[in-house]
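Under this note's numbering, the very last position in the sequence shown is 303; numbers go up by exactly one each time. Just so you know, even glycine gets a beta-carbon here, dropped at the ideal spot from N, CA and C. Model, not experiment: these values are computed from the prediction.
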Amino acid sequence: MSFRPQTGSRKSASKQFSKSTHDKKAKEKKQRSGAKYLQEEAPEVSAQQVAEKTLNSLGKLGNQIFALSPFSHYFDDWLVNLRQVTSEFESNPAIAADDQFVKERTQIFLDVEATLAQNRLDESNLTAEAKALADNNHQIVEADKQYAEATRERSNKRNSEVQRLSSKIRELEDQLATQQEVRISFYKIGAKRKAAQQLTQTSQDLKATKNELEVTLQTFTAEQEKLHDNYEKQKQDLNETSDRLHKELEKLETDTSTAARQTACNALVCAINSLLNRTPAPPSEK
């Protein structure tokens with residue numbers, strides 16, 4: 018048995034591979050040629066067109082409103098977008114940014130970054146004031162609680178003292194009535210004198226006890242008034258602090274960076290327009 022070499026198949030395959038490579042190269046050459054043709058035919062973008070696109074983007078950035086507080090969370094992304102818009106403008110071949118434009122643009126960015134940094138600090142301070150408001154509200158609750166407890170304790174003490182003195186006064190009045198009857202019934206001079214002394218002493222004790230009750234009532238009234246005045250003063254101070262903190266915290270619901278961001282975008286618009294006015298117009302094609 019003999020084997021015949023398959024030279025025909027190899028030759029055919031080689032020929033097919035060569036044709037495929039040739040077609041591929043021809044296709045790539047055609048694509049490059051077409052791309053070059055399109056590139057040559059693509060219209061050039063004028064400086065005015067580039068500027069209009071940039072001014073439109075700056076208008077959107079300048080009017081952008083941040084949705085929720087804390088608004089400082091949006092600052093970094095906004096600055097990145099502003100830099101990107103400005104960079105694309107400067108890097109466009111149709112734009113010839115001069116030193117004056119670069120200087121103006123640099124200063125504008127420095128100004129808005131400084132303002133946003135201050136806004137970020139103010140916002141962090143407001144966050145601290147939110148905690149201060151919570152603490153202040155807690156102090157108001159504690160002040161009410163302490164005043165109520167102190168008033169209740171003083172009232173209980175006053176009632177107890179009044180009850181003790183009132184009971185003593187009743188006892189002395191009973192003693193006085195009894196002693197008066199005894200004094201009248203005594204005929205002996207010595208016993209009558211002693212009864213008179215006891216009656217005098219009881220009368221003095223009764224008078225002193227009544228005076229003590231009156232002083233006690235006045236003292237408790239004065240102390241309660243003082244306690245109430247101190248409480249009202251403390252509450253007034255706490256309420257004033259609460260009102261001030263509430264006003265400060267209202268800023269948390271307002272984006273205070275809007276004016277600074279809009280000012281920066283407007284300044285960039287003016288810088289771009291000034292650059293275009295300084296840039297000589299390209300010669301017209303004949």
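Cβ-Cβ separation, residue j to residue i (assumed contact under 8 Å), whole Å
i    : j    : result
A288 : R122 : 6 Å
A111 : A151 : So it is not a contact: roughly 57 Å between Cβ atoms.
S89  : N136 : 7 Å
Q279 : N80  : 7 Å
Nearest-angstrom Cα separation, counted from residue j out to residue i
i    : j    : result
L189 : D222 : 7 Å
E61  : A145 : 55 Å
V158 : A147 : 17 Å
K185 : A149 : 53 Å
T236 : Q214 : 32 Å
D272 : Q156 : 30 Å
N256 : K120 : 51 Å
E107 : L292 : 11 Å
T296 : N98  : 26 Å
D254 : K243 : 17 Å
P87  : T132 : 16 Å
E57  : V67  : Confidence is the limiting factor: at E57 the pLDDT is only 45, short of 50, which leaves the residue's position unreliable and the question unanswerable from this model.
R175 : T238 : 9 Å
D260 : R187 : 54 Å
T258 : K264 : 10 Å
E178 : N228 : 13 Å
E267 : A113 : 46 Å
D115 : E270 : 41 Å
T217 : E166 : 43 Å
L234 : L138 : 56 Å
R100 : I82  : 18 Å
A59  : N294 : With a pLDDT of 43 at A59, under the threshold of 50, the predicted position of this residue should be treated as unreliable, and no value is reported.
N96  : L75  : Per the sequence presented here, residue 96 reads as Leu, with Asn not at that position. Looking at the two C-alpha atoms, the distance is approximately 12 Å.
S172 : R210 : 44 Å
Status (buried if at least 16 other CB within 10 Å, exposed otherwise) for residue i
i    : result
S274 : buried
A52  : Because A52 sits at a pLDDT of 46, beneath the cut-off of 50, its placement in the model cannot be relied upon, and the following sentence gives the value as read from the coordinates. A52 is exposed by the Cβ-count criterion.
E140 : buried
A84  : exposed
S284 : In the sequence as displayed, the identity of residue 284 is Ala instead of Ser. Answer is buried; the Cβ neighbour count reaches 16.
L262 : buried
L127 : exposed
S50  : Summary for S50: the model assigns pLDDT 47, below 50, so the residue's position carries little reliability, and this model does not support an answer.
Residue i versus the options, residue with shortest Cα-Cα distance
i    : options                : result
A225 : F106, L182, K211, N176 : L182
E73  : V179, R261, R169, V286 : Note that residue 73 is Asn in the sequence shown, not Glu. The residue with the shortest Cα to Cα distance from N73 is V286.
N153 : R295, K252, L292       : K252
I125 : T195, A277, L292, D260 : A277
Q196 : E105, E242, T219, E267 : T219
E170 : E265, R295, Q241, G76  : Q241
V102 : K120, T71, G76         : T71
E130 : K174, D94, A160        : D94
N290 : D191, S177, F118       : F118
F92  : S104, L127, A134, D116 : A134
Q163 : R210, E267, Y248       : Y248
K250 : A160, E270, N173, A212 : A160
A194 : S177, A113, A212, L78  : A212
T168 : I82, H245, L78         : H245
E105 : E69, L262, D116        : E69
Q180 : Q192, R210, E231       : E231
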